[in-house]
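Mapping to numbering that gives the first Met the number 0: the sequence shown position 21 is 20, numbers consecutive.
C-beta atoms are modelled at their ideal positions from N, C-alpha and C, and glycine is treated no differently.
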Amino acid sequence: MLVNRLYTLVKRLALGAAMLGALALSGCASAPPPLVDAGPMTPSDYLIGPGDNVNIIVWRNPEVSQSVPVRPDGKITTPLVEDLEAAGKTPTALARDIEKALAKFIQQPVVTVIVTGFTGIYSEQIRVIGQAARPQALPYRRGMSLMDVLIAVGGVTEFAAGNKATVIRTVDGKQQQFRVRLNDLIKEGDISANVAMRPGDVLVVPESFF
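In structure tokens, the structure reads:
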């Protein structure tokens, strides 16, 4: 009877080990691919977003020139112009729209729009969640890298599994997940791990269980 019990125990241990091995292989097979640095993006014009501050200068009309915030609904209100859509437009496009609105009151207005506070449209912000020191949404800036993002959020916590971090990115209209190596970048100084970020990226830093 003792022999039978030992045989059953060994059989169960072997089965458990096989299951763990299968799970490990399955986890490796389903691991997201590494994020490869595809180089700099094609330059694009800045798009105004909610939370930005815009300085509106109307030539020879200082009484209607004003610095105003872009409201959460994406609109602005200035003297003689109410509830004008600003989010998603370039500063030049917004200036032309303001000129059209002011043309009812001012003859041939000339408007210049200068963005003085940058937040950007929500769809282009970079979001950092999980075991970052300060999880937050960051305005995207041209040439932004993974290192820039880590500096902005104060690095990762002591509980972070840095080399298991992932970036969720929209590619051709579909969300894809890529692996990044935060520990190699932060602790080892491996510059090859410093990949370029893209507008709308989400950096997920998981917690280590060991």
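Unbroken beta strand (DSSP E) stretches of 3 residues or longer found wholly inside the region 137 to 173: 165 to 170, given in chain order. Annotation for proline 49: Val69, Pro71, Gly73, Ala86 place their beta carbon closer than 6 Å to its own, counting only its chain and skipping 5 residues before and after.
Isoleucine 120 sits in coil when the DSSP states are folded into three classes, being neither helix nor strand. Boundaries of the alpha helix (DSSP H) harbouring leucine 184: 181 to 185, taken from the DSSP string. Going by DSSP, aspartate 200 is part of no beta strand (DSSP E) at all; its letter is neither H nor E. Of the other Cβ atoms in all chains shown, fewer than 16 fall within 10 Å of the Cβ of alanine 30; this residue is therefore exposed.
DSSP, reduced to helix, strand and coil, places proline 68 within a strand of the structure shown.
When the beta-carbon positions are compared, valine 170 and valine 152 stay at least 8 Å from each other.
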